[in-house]
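Asker:
Below, the structure written as structure tokens:
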């Protein structure tokens, strides 16, 4: 009883600290709502007000949004929060933060179920709350994190079903698995693959629990039907082809040389694609991604934060070694028995992530996190036991003093990156400045006949696609009914609603349009053309770079 | 070490197969050179050449000779470690790989260093077994030293490993130490005679700390933290020594990452899509590594010692320098061959059998695909990376 209370208190404390790290200043760090967050928020607002999304679709399963076909769950879970707190940064980010906090004890249960070891589970949960990977995606709308949490819940319930039986577990597991597929695209591939693996690994127990398994399978099939239709015959197919590896810039430009069509069958693009995909798959084991820059929280070329801390390297190595070492099987118990699941999970988790058009994507591969935590915590515990059992007292004291200092240094560094460098160096990636420009436009709307907003921005070059119309809708809380009737052709061809026009600005022709307010980056708007332009406002990023200019022709 | 009694006829057959492998490798190098319109590496400095200040250019055939010679030496070494029926596997894996072939085709000096290091290893084995003279060791250590300054620390590390593992008798250790020291003396004397020259050459070869982006990054981190009022914390955790150590660690880890060797993530000649080693070999490599660590203490030590061969590449400016890293390739080849052999021996397991077939299919497919790609796309790719006018890699 006393032991249980201690564990409960420890877990409570860990959750409290983890909660604080996730909750603290979450509305201002990341520094601004990004494109996805604003789009999710306004879609949810539109659903709340009219039952339809901004494109006029009634309670859709796939949200066309700004042409990127978003998943439904991240939108629908925002609805009650927007109803309660209004349409703002707080209500949009709060659900993810809350799910991340709830996931802390859930992860403990998951680790405990899989490992059967309290120490390993507690260490893994401790590593979870300081995990840069989890922390980063906990602080803004993150469909990746929500889907991963649902998956962990599903596996926990599935394991409970295997162990104790019970239809509720079966129904819960089926619902969690399928809802995770409605939350994020990679899960649509990962869950069926993992399900097949679970079926093979646990075939004997599943035969004993066949009634529960039938309930689970029926429930899953029933829930997945609309999604399957959407994926194979509906608009979701378009999303898949948009982000598929064949669209990768490195592949098209430097591997197949823009479809340079020469040669024999064996030099066909499909063969090259196979090897390019395998290369992408292995990229996820790259130390740069894992330990120094996987999260892209700092400028390119600097050493920032990887998806794991550097001090976890020995834990990871030792954890893998422990799992492969047969002589430790009796000591490891459940973890050793579940090692097939651990390695298969890691392998399968990388398939959807590596099939997309990014070199590496921390978001798409976050499904890896639970198993990496399991391995590192196992390694940490085993390493600690090894050190404690060392013969030399001096070496033991040396390691036990030095390693915590080493850990502290890296945690302080992570703290500085999260609080100082990330907002300063990556503000542009979160569309910093767009809110300010949009608020100016909304405030001065009545003074102009037309407000033109350039959709492209960027400090180094105008290559970042902005979706200003969504920011305008979001921050003006534009009436969804009105918008559903007037909006057309977003975002590439340009569009017009109310007084707002979203299109490229050509200053040579546009400078004659008096009574028009222009908002764009310095690439499209000259702030020094004093003869023709009246600069009304300059908007800077936190790092002092000029992001946007608001002007009107003289 | 394996005792191999092979009949003369069989040995003739094996030698014939080795010669075919060498021929295949030479043809592969020629094919790459031909497909790339004879591009070559920007002149790379040979340590000795820089020291005496007289340019020495080697003829093209010397590079081909080194490539073929390396394959032959790998076979000779394999004879000492592999059972008779598996002699041919390491030279075959080496001979069909694109890594040495690209270096030969582009006339990279590192292929000569590889020949020297293989010769050194073989002569060391022979001397250790009282079959060869110590003068061969003198010759090859000297050759390596004067070929590359960075060979010196590698040889010292390897020497330390040999001492620690008790691989040699006391007398042999003493002799070896004298040889290593003796061959290093001219470098030490040279540093008295021409200290500036030696300093400049060292600086030229060790460029790991001259990465400007890294120090700029540290300074900008420090500035931002100080502005935010975290000056003290920044001093403790964001100093250049810590970042440089982290960078070194990252470089070290990168050299242990499979994607470095089995994919085109690090590009051969800075542009190629061909992988240094075929991706299919990754499974036997991991299996061989696992088996070596599990079964043999001596091979565990050899693998750890072999890691010192990554040092010249770690000390280079790029994250991974595939030219300097070629020194580790024989070690990888032996592990892959051992893995393949172990997979074959365990073929009665369904999984291992499938894996073995998978490896064979993938490697054959990749050889064909790579050859076709080299033939049709490598040159246009080179032009796309480096523009229309260049014919030398490294000047861009």
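Protein chains in written order, with the numbering used here: chain U, 1 to 554; chain V, 555 to 950.
We put the CB at the ideal spot given by N, CA and C, even for glycine.
Since the model is a prediction, treat every value here as computed from it, not as a measurement.
I'd like to know if residue 540 of chain U contacts chain V, where contact means its C-beta is closer than 7 Å to some C-beta of that chain.
Answerer: no
Asker: According to DSSP, is residue 500 of chain U part of a helix, a strand, or is it coil?
Answerer: strand
Asker: Please list the residues of the stretch 806-839 of chain V that have a C-beta atom closer than 9 Å to any C-beta atom in chain U, keeping them in chain order.
Answerer: The stretch 806-839 of chain V vs chain U, Cβ under 9 Å: 806, 807, 808, 810, 811, 812, 813, 814, 816, 817, 818, 819, 825, 827, 829, 833 and 836.
Asker: Beta-carbon of residue 950 of chain V versus every beta-carbon of chain U: anything under 7 Å?
Answerer: Reliability of the predicted coordinates at residue 950 of chain V is poor, the pLDDT of 35 falling under 50, and the value obtained from them is presented with this limitation in mind. By this cut-off, residue 950 of chain V is not an interface position.
Asker: Less than 7 Å between the C-beta atoms of residue 335 of chain U and residue 115 of chain U, yes or no?
Answerer: yes
Asker: With distances taken from CA atoms, which of U:62, U:144, U:534 and U:524 is nearest residue 232 of chain U?
Answerer: U:62
Asker: Does the Cβ-Cβ distance between residue 90 of chain U and residue 149 of chain U come in under 7 Å?
Answerer: no
Asker: Alpha carbon to alpha carbon, how far is residue 852 of chain V from residue 305 of chain U? Give it in angstroms, no decimals.
Answerer: 38 Å
Asker: Could you pull the DSSP bridge partners for residue 244 of chain U from this structure?
Answerer: Bridge pairing for residue 244 of chain U: U:356 [DSSP].
Asker: Among the candidates U:515, U:520, U:543 and U:109, whose CA atom is the shortest distance from the CA of residue 499 of chain U?
Answerer: U:515
Asker: Note the first and the last residue of the continuous beta strand (DSSP E) segment covering residue 517 of chain U.
Answerer: Its beta strand (DSSP E) spans residues 516-520.
Asker: Using only the alpha-carbon positions, how far apart do residue 638 of chain V and residue 682 of chain V sit?
Answerer: C-alpha separation (whole angstroms): 22 Å.
Asker: Excluding five sequence neighbours on each side, which residues of the same chain lie with their C-beta closer than 7 Å to the C-beta of residue 934 of chain V?
Answerer: none
Asker: Against residue 404 of chain U, what residues of chain V qualify as contacts under a CB-to-CB distance less than 9 Å, listed in chain order?
Answerer: Neighbours of residue 404 of chain U on chain V: none; closest Cβ ~14 Å, over 9 Å.
Asker: When Cβ atoms are compared, which residues of the stretch 280-306 of chain U fall closer than 8 Å to chain V?
Answerer: 282, 283, 285, 286, 287, 288, 291, 292, 298, 299, 301, 302 and 303
Asker: Inspect the beta-carbon positions of residue 433 of chain U and residue 548 of chain U and report whether they are closer than 7 Å.
Answerer: Yes, Cβ-Cβ distance for residue 433 of chain U and residue 548 of chain U is below 7 Å.
Asker: What residue does the alpha helix (DSSP H) around residue 317 of chain U start on, and which one ends it?
Answerer: 313-324
Asker: Residue 350 of chain U and residue 291 of chain U - do their beta-carbons sit closer together than 7 Å?
Answerer: no
Asker: Find the residues of chain U that neighbour residue 867 of chain V, judging by a C-beta separation of less than 9 Å, and give them in chain order.
Answerer: Within chain U, no residue comes near residue 867 of chain V; the closest Cβ sits about 15 Å away, beyond 9 Å.
Asker: If residue 178 of chain U sits next to residue 220 of chain U, beta carbons under 8 Å apart, how far is it from one beta carbon to the other, in whole angstroms?
Answerer: 6 Å
Asker: By the three-class DSSP mapping on this structure, what secondary structure does residue 950 of chain V have?
Answerer: Only weak support is given to the placement of residue 950 of chain V: the predicted model assigns it a pLDDT of 35, under 50, and the question is left unresolved by the model.
Asker: Provide the residue span of the alpha helix (DSSP H) that contains residue 226 of chain U, from first to last.
Answerer: 210-232
Asker: Report the residue ranges of all alpha helix (DSSP H) runs contained in full by the stretch 49-76 of chain U; include only those spanning at least 4 residues, in chain order.
Answerer: 73-76
Asker: If we call anything under 7 Å between Cβ atoms a contact, is residue 555 of chain U one with residue 376 of chain U?
Answerer: A question about residue 555 of chain U goes unanswered here, because the residues of chain U that appear run from 1 up to 554.
Asker: According to a CB-to-CB cut-off of less than 7 Å, which residues of the stretch 763-785 of chain V neighbour chain U?
Answerer: Of all residues in the stretch 763-785 of chain V, 767, 771, 775, 778, 779, 782 and 784 have a Cβ within less than 7 Å of some Cβ in chain U.
Asker: Kindly identify the DSSP beta-bridge partner or partners of residue 10 of chain U.
Answerer: DSSP lists no partner for residue 10 of chain U.
Asker: Is it the case that the Cβ atoms of residue 674 of chain V and residue 694 of chain V are separated by a distance below 7 Å?
Answerer: yes
Asker: So with Cβ pairs under 7 Å, would you call residue 934 of chain V a contact of chain U?
Answerer: yes
Asker: Residue 920 of chain V versus chain U: which residues are under 7 Å apart at the beta carbon?
Answerer: 275
Asker: When you compare the stretch 471-484 of chain U with the stretch 438-448 of chain U, are there three or more beta-carbon pairs, one atom per stretch, that lie closer than 8 Å?
Answerer: yes
Asker: Please tell me whether residue 829 of chain V and residue 897 of chain V are closer than 7 Å, where the distance is taken between their beta carbons.
Answerer: no
Asker: Just curious, the beta strand (DSSP E) that residue 630 of chain V is in, first and last residue?
Answerer: Here residue 630 of chain V belongs to no beta strand (DSSP E); instead the alpha helix (DSSP H) covers 614-635.
Asker: Nearest-angstrom Cα distance between residue 556 of chain U and residue 283 of chain U?
Answerer: With chain U covering only 1 through 554, there is no way to say anything about residue 556 of chain U.
Asker: Against chain U, with Cβ distances strictly below 7 Å, would residue 898 of chain V count as a contact?
Answerer: no
Asker: Does the beta carbon of residue 255 of chain U sit closer than 7 Å to a beta carbon anywhere in chain V?
Answerer: yes
Asker: So with Cβ pairs under 7 Å, would you call residue 923 of chain V a contact of chain U?
Answerer: yes
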